[in-house]
Each structure stands twice: as structure tokens, then as C-alpha cells.
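Step one of this worksheet: look at the structure below.
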Amino acid sequence: MKISIVIPTHNRKESLFRLLRSIELQEIKKSDVEVLVVFNLPNSTLKNEVHERFRKSINCTVLVSGRLGVNYARHMGGNHALGKILVYLDDDCRLSDPKYLEKLLDLHKAHPEAAAIGGPYSLPAGAGALERVYHQISLSWLENSVFDAPWTRNLVGGNVSYKRFVFDRGLNFNSKIRFGGAETDFHMRLQKHGLRLLYSPNLVVEHWLEMSRFQFIRKGFLQGVGFETRVMKGLQIPNATKANPLHTPIWSPAEKKLVTLYDYAFQKGRLWAQNTRNKNSRRRNIKNFASASLREDLQYLNHFWQRIPFLTGTGSTK
Numbered sequence: 028m029k030i031s032i033v034i035p036t037h038n039r040k041e042s043l044f045r046l047l048r049s050i051e052l053q054e055i056k057k058s059d060v061e062v063l064v065v066f067n068l069p070n071s072t073l074k075n076e077v078h079e080r081f082r083k084s085i086n087c088t089v090l091v092s093g094r095l096g097v098n099y100a101r102h103m104g105g106n107h108a109l110g111k112i113l114v115y116l117d118d119d120c121r122l123s124d125p126k127y128l129e130k131l132l133d134l135h136k137a138h139p140e141a142a143a144i145g146g147p148y149s150l151p152a153g154a155g156a157l158e159r160v161y162h163q164i165s166l167s168w169l170e171n172s173v174f175d176a177p178w179t180r181n182l183v184g185g186n187v188s189y190k191r192f193v194f195d196r197g198l199n200f201n202s203k204i205r206f207g208g209a210e211t212d213f214h215m216r217l218q219k220h221g222l223r224l225l226y227s228p229n230l231v232v233e234h235w236l237e238m239s240r241f242q243f244i245r246k247g248f249l250q251g252v253g254f255e256t257r258v259m260k261g262l263q264i265p266n267a268t269k270a271n272p273l274h275t276p277i278w279s280p281a282e283k284k285l286v287t288l289y290d291y292a293f294q295k296g297r298l299w300a301q302n303t304r305n306k307n308s309r310r311r312n313i314k315n316f317a318s319a320s321l322r323e324d325l326q327y328l329n330h331f332w333q334r335i336p337f338l339t340g341t342g343s344t345k
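Be aware that the sequence shown starts at 28, since it is given in our numbering, and climbs by one per residue.
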């Protein structure tokens, strides 16, 4: 077995089936690929539907981790994987390029020294304002992490692959991280162990991102928490300074206001992490603080939001 695809999922039938159908269309020898769909919690109806629809066409196996948390599902999928290359895809993604897996395999063959290989996201047509702005923030962070092409400091968690030896060395995602940033934490630890990450801009996965206004702000907050936590652990590796960044978004005035909102929430998250440095940071506590803290400034945020002109697109701007 050459490739094992691990897909953590939780009650997302439509997007999961969209991803699995795109895997069916991959132009690669089917016997070289296995697909491991890992449910967080039991869902016998959906499990049977996935099993009946895809078990033969893409060698699909359905597992259940029995616990909420994407990293528990990642661990279970990895433990059952037979492939030499483990590919992790999010259940809200789609392989729009039928040669994605073929390209990925070629990259791993060409770069045996690369412990991990990944690429960027793209957005489907008709993505909304919040989705477009967050995508650009993410893409800017991702591409400006490249310090000596194709080598990078960071990769996204929904479009990434690892050679088997990474896990054979006892390295893995930290299941205690449930508020976001587990992939970045993992990748920083890989680099601390002298392993290398490769970024390919041509290895694109379509991301069907859907965000409400509060989800947009909370995402910034939680990513701020993750960033500051890594700083305190000594895991945050600074990006190299560049005279010519790979990706510099050109923001409209309205988009700049959304970026300001995101940064505001990000800094709030960093402050929260600093103030709770030696305390138990359970997910519900973080979520509750994010809600309460941002609610304190709701009047300001709503006033700021009302000043943002309507941005075209079909995605949510609520």
C-alpha cells in the first residue's frame, strides 16, 4: 500500500461524500490507495451509508474513535493505516485536481528527505466575504512561511501528508490540543527534531469553508491562543524576514476592516493565553472566555461591523 488517506469527520455527510467522490475520480491505481474515514462518535446510519457507497470503489474503511476531537481521529486513522505515505484531509475539502494523489506521490519520491509535504487551499466559486478574507489571511501566513523554497515552517492540517517514519519515531499530533493549532504544534516539533517540511503551491485542495461573523472572530481568537501557547512552550519558530514576500494580499477598504476584526480577536486570544499560563485550558473554558470577552466589546464590534460595506458573494456574512 502506497498511500493511506485519513479523514477525521463529525456529522458532515454532504461534505464528506463530496470529498469521497473526488477521491473516486483520482487518476491513480486504486490498489495503491486506502481511505480511512474516522468518526469521532458513533453514527451507525452514516457509517453504513459510507460503507455501502464507497468501500469497493476506493477501498474505504470506516472507524470510530469514540471521542470528540480531531486529533483522536487522526491518531486512530494513523494507527490503522497501511500506507508508506499518510495523507490527512479535512472533511470539508475536495480534491479538485484528479492528479492530486499522483502529484503527491511523485513529490515524496523526488524528496525522500521531506518528512511532510503539503499545499494550499483554494475556494469554490461563490465563496462569501468572510470566507474569502479568511482564506487570504491563511494563504498569506502559509506562503510567507516558505524560507528556502520549497522548504517551509508551516503547513495546513487539511492538506498535508507524512512519510511513515515520522510516526514510527513516536511523533504525533497532541491530542490535548482541542482549541486549534495542533497541526502547527506538530510541525514545530518535527522541525525541533531536525525534520523538514516541503510546500508545493501546485498541490491544491479545494476548501468548502463556511463561516458566520462570530465564527470568523472566534477563529482569530483561538488561533491567537494557539500562537501564544506555542511561544510559551518555545515551539514558535519565527519566519525568515523576506524582502519580497510570496503572498501579499491587496485588500479593499471593506476587507481591511475584516482583517482588523480578525487581528483584534487574535490579540485577545494571545492575551488570554498569557493570563492563564499555568491554568487548565479546557476547550469549554476557552470557548466561554472567547464568547464573554468578545461580548464585552460587542457594541464596538457591531458598530465597526456596520461600517463595512456589503461584500459580494454567496457565503455567510452574518
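We treat Cβ as the ideally placed atom computed from N, Cα and C, and that holds for glycine.
- Sequence-distant partners of D290 (beyond 5 residues in either direction) whose C-beta falls short of 6 Å from its own C-beta are missing from its chain.
- If you check the CB distance, Y189 and A143 come in under 7 Å.
- Burial is judged here by how many other beta carbons sit within 10 angstroms of a residue's own beta carbon; M238 has at least 16 and is buried.
- Rounded to whole angstroms, the gap between the alpha carbons of E61 and I85 is 7 Å.
- Comparing alpha carbon positions, the residue from R196, G247, T287 and K74 closest to R297 is G247.
- Beta bridge pairing from DSSP links D175 with W178.
- Per DSSP, T88 is one residue of the beta strand (DSSP E) stretching across C87 to V91.
- In the DSSP annotation of this structure, the continuous segment of the beta strand (DSSP E) that includes E233 starts and ends at V232 to H234.
- The Cβ atoms of L236 and E158 sit closer than 7 Å to each other.
- Collapsing the DSSP output to three states places L116 in a strand.
- For the pair of segments examined, the region 106-120 was found to touch the region 29-41: the number of CB pairs separated by less than 8 Å reaches three.
- Note on geometry: alpha-carbon atoms of G185 and M259 lie some 25 Å from one another.
- A distance below 6 Å between beta-carbons, with the five flanking residues on each side excluded, links Q163 to the following residues of its chain, in chain order: P276.
- In this structure L90 does not touch G105 by the C-beta definition: roughly 11 Å separates them, more than the 8 Å allowed.
- Bridge partners of N106 according to DSSP: none are assigned.
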